[in-house]
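Residue numbers (the numbering used here), protein chains in the order written: chain A, 44 to 144; chain B, 38 to 57. Glycine included, C-beta positions come from ideal geometry on N, C-alpha and C. Scroll down for the structure; my scribbles are underneath it.
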C-alpha cells in the first residue's frame with residue numbers, strides 16, 4: 044500500500060524567496076542591476092574612476108555632482124560604505140572603491 | 038596607513054557578507 048505518499052507537503056511555491064529585500068526600494072522605477080539608486084551609482088562610479096591612491100576627496104565629489112546636495116552625497120557615501128562598496132582612506136573625506144569590476 | 042588597510046578589509050567583509 045503506497046497511498047501514504049505526500050506529493051508536495053510543506054513546500055509552498057515561492058517564486059523568488061530572495062527578493063523580499065529589494066521590495067524596500069519600491070517607487071524607484073529605474074534601479075540599476077546592482078540595487079543602488081542612480082545617485083548612489085553616480086557617487087560610486089566617480090569614486091571608482093579616481094586613479095589616486097588615496098581615493099576621491101569628498102570635495103571633488105561635491106564639485107562633480109553639483110545637482111546633488113551635500114547631504115544627499117553624504118547619504119550616498121554612507122550607504123556605499125555601509126554596504127562595503129567604498130571605504131575611507133587617509134581621512135573621513137577620502138574614499139576608495141572595493142569593487143574590482 | 039594601517040587604518041586604510043583596516044577600512045578596506047572591513048569594507049570587503051561587508052561586501053562579501055552582502056553577496057552571500
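Notebook entry, point to check: Got a sec? Which residues, its chain only, sit under 7 Å from residue 53 of chain B by beta carbon, not counting five neighbours each side?
Noted result: none
Next item on the list: Keeping to the same chain, check which residues put their C-beta closer than 7 Å to that of residue 91 of chain A; ignore five residues upstream and five downstream.
Entry: 140 and 142
Note to self: Pairs of beta-carbons, one from the segment 127-137 of chain A and one from the segment 39-54 of chain B, closer than 8 Å: are there three or more?
What the structure shows: yes
Check: What does a CB cutoff of less than 8 Å around residue 77 of chain A pick up in its chain, not counting 5 residues either side in sequence?
Finding: 84
Notebook entry, point to check: Leaving out the 5 sequence neighbours to the left and right, which residues in its chain are closer than 8 Å to residue 145 of chain A when beta-carbon positions are compared?
Noted result: It is not possible to answer for residue 145 of chain A, since the shown part of chain A is limited to 44 through 144.
Item checked: Residue span of the beta strand (DSSP E) that contains residue 137 of chain A, given as start and end -> 137-140
Checklist line | Collapsed DSSP secondary structure at residue 50 of chain B in the structure displayed | finding: helix
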